[in-house]
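Q: Okay, handing you the structure first.
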Amino acid sequence: MNNTQELIEDIKNGKMVILMDDEDRENEGDLVVAATCITPEIINFMSLHARGLICMTLMPQKCQQLGLNLMVDNNTAQLATNFTVSIDAAQGITTGISAYDRYKTVIDAVNVNAKPEDLVVPGHIFPLMAQAGGVLTRAGHTEAGCDLTHLAGLTAAAVIVEIMNEDGSMARRDDLLKFAKKHDMKIGTIADLIEYRMENECTVEVEDEYVFNSQWGNFQVKKFKDNISNTQHLAFCMGEFQRHDACLVRVQFPNFIRELRGLDADDNYWTCQRAMKTIAEQGQGVVVVLHYNQAAANDLDEPEQKTNNQYAYHNVGIGSQILRSLNVGKMKLMSPELRFPALSGFGLEIRSEER
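Going by our numbering, 254 is the number at position 191 of the sequence shown; the sequence numbering is gapless.
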């Protein structure tokens, strides 16, 4: 495996790199290249050797500049990837699918002076809107593509594609290492990129602390300010945390209205009250409530699990930064079983799920 600095150098020099979530054997990987360095030959290589869907990662402000709306209003995909409408260049192409045509579309879109009129929809390039804050907000390949190119001093936009084996199966770690060796490419992880950024950055900070007297005992509350979204988050803590000891953790969104109305009465659902009661019984743990100052009324008519899962993937980095700042390392999650990518970059490890 290569470190993030090595990946940045290759990105800066217009080379493709391979990026996995972390070093786990089952993880898949993407080819990543700076959008400003794209060529027809690179597009053709991606189609021929990587075989996945060729996408373009963009920051929200760039999507706004290009007039690109999200593909759907209600994203129910497992990882809640922010696909926008697909695009083609408005001029200079034929059907839009050839290597040259897709290269032309990417170059026209990434142009600093690009306008909505320079593109047509739908098309054959699939833009992905990254979350503001990059991998420190959402630990996905979309955000990683924008982060790597930004750290390389280039426009924060990348072309990415999933790597598949010749038989159509997804390439896993061992396959990706062979792919990297065969094509003389650097290979790294989003987890290492997160660790690289965390050495010098943090997008959340404590702005207030107080004691919350609950029916289950006293919780120390830390109020965090989010410097990216300008929202606030709360951490209800009980006991002392040691990074090598697993502690109870619940990260959720402000569904207090739903809980008061009994909409989350299912025994399998971890309400804030149930989580705090469990923590009090064991004497140690933390409940993190993200974006607590935002109205939750719009959740009343939505299936809670779907909404929470979508937001969970969009905000995994925020919750992880908060837990890291609290000195949490190993976690016993009070939640349905979900796989969160690249948690190791924040120094976190899931030991078990509480039922």
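From the three backbone atoms N, C-alpha and C, an ideal C-beta is built for every residue, glycine too.
1) One question on the structure: do A221 and T120 come within less than 8 Å of each other, judged by their Cβ atoms?
2) Note down, in chain order, each residue of its chain lying with its Cβ closer than 7 Å to the Cβ of L70, except the 5 sequence neighbours on either side.
3) Is the beta carbon of A172 sitting closer than 8 Å to the one on I291?
4) Can you tell me which of Q305, K244 and L214 puts its alpha carbon nearest to the alpha carbon of N263?
5) Just the Cα atoms here: how many angstroms apart are L217 and C100?
6) For the alpha helix (DSSP H) that contains K167, what are its first and last residues?
7) Per the DSSP calculation, N281 is bridged to which residue(s)?
8) Could you round the C-beta distance between P317 and Y355 to whole angstroms and report it? I think they count as a contact, below 8 Å.
9) Apply the 10 Å Cβ neighbour rule to H204 and answer buried if 16 or more other Cβ atoms are within range, or exposed otherwise.
10) Using the Cα positions of Y166 and I188, report the straight-line distance between them to the nearest angstrom.
11) Identify every residue that forms a DSSP beta bridge with T67.
12) Here's a check: name, in chain order, each residue in its chain whose Cβ is nearer than 6 Å to the Cβ of G302, leaving out the five neighbours to either side.
13) Between the region 90 to 109 and the region 142 to 152, can you find at least three pairs of beta-carbon atoms closer than 8 Å?
14) Go ahead and pull the three-state DSSP assignment for K369.
15) Restricting to Cα atoms, I'd like to know which of G408, N90 and M109 is closest to Y54.
16) Under the three-state reduction of DSSP, which class applies to L353: helix, strand or coil?
17) Can you tell me the Cα-Cα spacing of E412 and V96, whole angstroms?
18) Assuming the contact rule is C-beta atoms closer than 8 Å, I257 and A405 should be a hit. Round their C-beta distance to whole Å, please.
19) Between N361 and V352, what straight-line distance do the alpha-carbon atoms span, to the nearest angstrom?
20) Label N145 either buried or exposed according to how many other C-beta atoms from any shown protein chain fall within 10 Å of its C-beta, with 16 as the threshold for buried.
21) Using the C-alpha atoms, what's the distance from E91 back to S232?
22) My guess is that V349 and V391 are in contact by the Cβ rule of under 8 Å, so how many angstroms apart are they, rounded?
23) Could you tell me which of E344, N293 and K285 sits nearest to W279, measuring between CA atoms?
24) Would you kindly work out how many angstroms separate the C-alpha atoms of Q384 and N378, rounded to a whole number?
25) Taking C-alpha atoms, which residue in D308, H112, Q336 and Q283 lies nearest to F242?
26) Tell me where the alpha helix (DSSP H) around P103 begins and ends.
27) Can you check whether the CB of K288 is closer than 8 Å to the CB of V267?
28) Give me the residue from D238, N174, I106 and Y163 with the minimum Cα distance to E86.
29) Closer than 6 Å by C-beta to A309: which residues in its own chain qualify, once you throw out the five before and the five after it? Chain order, please.
30) Residues in its own chain within less than 6 Å of G115 by CB, not counting five upstream and five downstream?
31) Are the CB atoms of T147 and P190 nearer to each other than 8 Å?
32) What's the call for A140, buried or exposed, on a 16-neighbour Cβ count within 10 Å?
33) Going by CA-CA distance only, name the one from V269, K340 and A207 that's closest to D84.
A: Quick answer:
1) yes
2) V80, L211, K249 and G251
3) Result no, Cβ atoms of A172 and I291 do not sit closer than 8 Å.
4) L214
5) 9 Å
6) Taken as a continuous stretch (DSSP letters only), the alpha helix (DSSP H) holding K167 covers A162 to V173.
7) N276
8) Between Y355 and P317 the Cβ distance is about 5 Å, and since that is below 8 Å, they are a contact.
9) buried
10) 9 Å
11) According to the DSSP secondary-structure assignment, T67 is paired through a beta bridge with no residue.
12) G346 and Q347
13) With the cut-off at 8 Å, the region 142 to 152 and the region 90 to 109 do not touch.
14) Annotation note: pLDDT 44 at K369 (below 50); position unreliable, coordinate value reported separately. In this structure, K369 counts as helix in the three-state DSSP scheme.
15) Because the chain in this structure spans residues 64 to 418, residue 54 falls outside the shown range and cannot be described.
16) Reduced to three states, the DSSP call for L353 is coil.
17) 30 Å
18) 6 Å
19) In this prediction, N361 has a pLDDT of 46, which is less than 50 and means its spatial position is unreliable; what the coordinates show is noted afterwards. Pairing N361 with V352, the inter-Cα distance amounts to about 17 Å.
20) Residue burial annotation: N145 is buried, with at least 16 other C-beta atoms found within 10 angstroms of its C-beta.
21) Going by the C-alpha atoms only, they are around 10 Å apart.
22) Indeed, because the Cβ distance is near 7 Å, the residues count as touching under 8 Å.
23) E344
24) 10 Å
25) H112
26) According to the DSSP assignment, P103 belongs to the alpha helix (DSSP H) that extends over P103 to F108.
27) yes
28) D238
29) K393, K395 and R414
30) V224, E225 and M227, listed in sequence order.
31) yes
32) With fewer than 16 neighbouring CB atoms inside 10 Å of its own CB, A140 falls in the exposed class.
33) A207
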